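Student: Dumping the structure here so I can ask a few things about it.
Protein chains: 2
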Amino acid sequence: MKKDFKPYYAVIFTSTQKEHIEGYAEMANQMEALAKTQDGFLGMDSARNEVGITVSYWESLEAIKNWKQHTDHLVAQQKGRQDWYSWYNVKICKVERVYEFNL
Amino acid sequence: MKKDFKPYYAVIFTSTQKEHIEGYAEMANQMEALAKTQDGFLGMDSARNEVGITVSYWESLEAIKNWKQHTDHLVAQQKGRQDWYSWYNVKICKVERVYEFNL
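Heads up: the protein sequence lines correspond to chains R and Z, in order.
Letter 97 of the first sequence, counting from 1, is numbered 96 in numbering that gives the first Met the number 0, and no numbers are missing.
Letter 40 of the second sequence, counting from 1, is numbered 39 in numbering that gives the first Met the number 0, and no numbers are missing.
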């Protein structure tokens, strides 16, 4: 680990969806765009096959809390539980070490 | 957070692949099966679209280190860098809080 490594946070959002998810893609795009404008947002990655995984990265726990409580995001969360997700799991994690390979 | 929550660890493996990835699926299946037999392994989730995300969960940093250094896994890592991945990033994280939604 580099001596100057500054820990940051990851939110691992794992989910399975219902069969019919009308309106989901539009909302997901809106939420991604909105997340990117939040203080302390560092980045995100998403992929979905049988299970969907979205990992977002944040400077602090406070930034995660603020995003979780953002009014528009609360509406999206409510819609998600009501209409789109059959299950989801959220893990708040502290990123302690990173390494990377590049061609 | 529940008072009896015991922190554990997540390895977030994010990657992009080359165009031709002969032998990859077989090796990925082998490595998943092998990981599941390791001491301290708790579970894993994978999905891939433009980017691939595999998150594996472990009881301890020692379990992660042992898996990283497993002989068969070292061979797979070498093949991965040589043949399959154009980029990957590994983040070692401490899972500090978890919440879940179920229909």
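Yeah, the Cβ is synthetic: ideal placement off N, Cα and C, and Gly gets one too.
Keep in mind the model is a prediction, meaning the values are calculated, not measured.
#1: Taking Ile63 of chain R and Val10 of chain R to be in contact with their CB atoms under 8 angstroms, please state how far apart those CB atoms are, rounded to whole angstroms.
#2: Measure the beta-carbon distance from Val74 of chain Z to Phe12 of chain Z and round it to whole angstroms, keeping in mind my assumption that it falls under 8 angstroms.
#3: Are the stretch 41-49 of chain R and the stretch 39-57 of chain Z in contact at 8 angstroms, needing three or more beta carbon pairs?
#4: Rank Z:Ala32, Z:Glu99, Z:Trp57 by C-alpha distance to the C-alpha of His72 of chain Z and give the top, closest one.
#5: Name the one or two DSSP bridge partners that Gly79 of chain Z has.
#6: Note the first and the last residue of the continuous alpha helix (DSSP H) segment covering Leu33 of chain R.
#7: Should Leu41 of chain Z be listed as close to the ligand COA, given that the test is whether its C-beta is under 6 angstroms from any heavy atom?
#8: Using a C-beta to C-beta distance shorter than 8 angstroms, which residues of chain Z count as neighbours of Ile52 of chain R?
#9: Taking the Cβ atom as the reference point for each residue, do Trp83 of chain R and Gln29 of chain R lie within a distance shorter than 7 angstroms?
#10: Output yes if chain R places a C-beta closer than 7 angstroms to the C-beta of Ser85 of chain Z; else output no.
#11: Considering only the alpha carbon of each residue, which of R:Tyr7, R:Gly22, R:Glu25, R:Gly39 lies closest to Lys67 of chain R?
#12: Over the uninterrupted alpha helix (DSSP H) stretch that includes Glu61 of chain Z, give me the two end residues.
#13: When the Cα of Gly22 of chain Z is compared with those of Z:Ile52, Z:Glu95, Z:Gly79, which residue comes out closest?
#14: Ends of the beta strand (DSSP E) at Phe4 of chain R?
Tutor: Quick look at the numbers:
#1: Here residue 63 of chain R corresponds to residue number 64 of the first sequence, with the count starting at 1. Here residue 10 of chain R corresponds to residue number 11 of the first sequence, with the count starting at 1. Right, the Cβ-Cβ distance comes to about 6 angstroms (below 8 angstroms), so this counts as a contact.
#2: Within the second sequence, the letter at position 75 stands for residue 74 of chain Z. Within the second sequence, the letter at position 13 stands for residue 12 of chain Z. About 17 angstroms separates the Cβ atoms of Val74 of chain Z and Phe12 of chain Z, ruling out a contact at the 8 angstroms cut-off.
#3: The way I'd put it, the stretch 41-49 of chain R does touch the stretch 39-57 of chain Z; three or more beta-carbon pairs between them come closer than 8 angstroms.
#4: Translated into the one-based positions of the second sequence, residue 72 of chain Z becomes position 73. For His72 of chain Z, the closest of Z:Ala32, Z:Glu99, Z:Trp57 by C-alpha to C-alpha distance is Z:Ala32.
#5: What you label residue 79 of chain Z is simply residue 80 of the second sequence in a count that begins at 1. BP columns for Gly79 of chain Z are empty, so no partner.
#6: Locating residue 33 of chain R in the first sequence gives position 34, where the first residue counts as 1. Its alpha helix (DSSP H) spans residues 23-34.
#7: The model depicted lacks the ligand COA and carries no ligand whatsoever.
#8: Locating residue 52 of chain R in the first sequence gives position 53, where the first residue counts as 1. Residues of chain Z passing the Cβ test: Asp44, Ser45, Ala46, Ile52, Val54.
#9: In the first sequence, residue 83 of chain R corresponds to position 84, counting from 1. In the first sequence, residue 29 of chain R corresponds to position 30, counting from 1. Gln29 of chain R sits away from Trp83 of chain R, with the two beta carbons spaced by 7 angstroms or more.
#10: If you number the second sequence from 1, residue 85 of chain Z lands on position 86. At least one chain R Cβ lies under 7 angstroms of Ser85 of chain Z.
#11: Mapped onto the first sequence, residue 67 of chain R falls at position 68. Checking every option, the nearest Cα to that of Lys67 of chain R belongs to R:Gly39.
#12: Taking the first residue of the second sequence as position 1, residue 61 of chain Z is located at position 62. Per DSSP, Glu61 of chain Z belongs to the alpha helix (DSSP H) from 60-67.
#13: Taking the first residue of the second sequence as position 1, residue 22 of chain Z is located at position 23. It is Z:Gly79 whose Cα lies nearest to the Cα of Gly22 of chain Z.
#14: The residue you call residue 4 of chain R lines up with position 5 of the first sequence. Premise fails: Phe4 of chain R is in no beta strand (DSSP E) and is neither H nor E.
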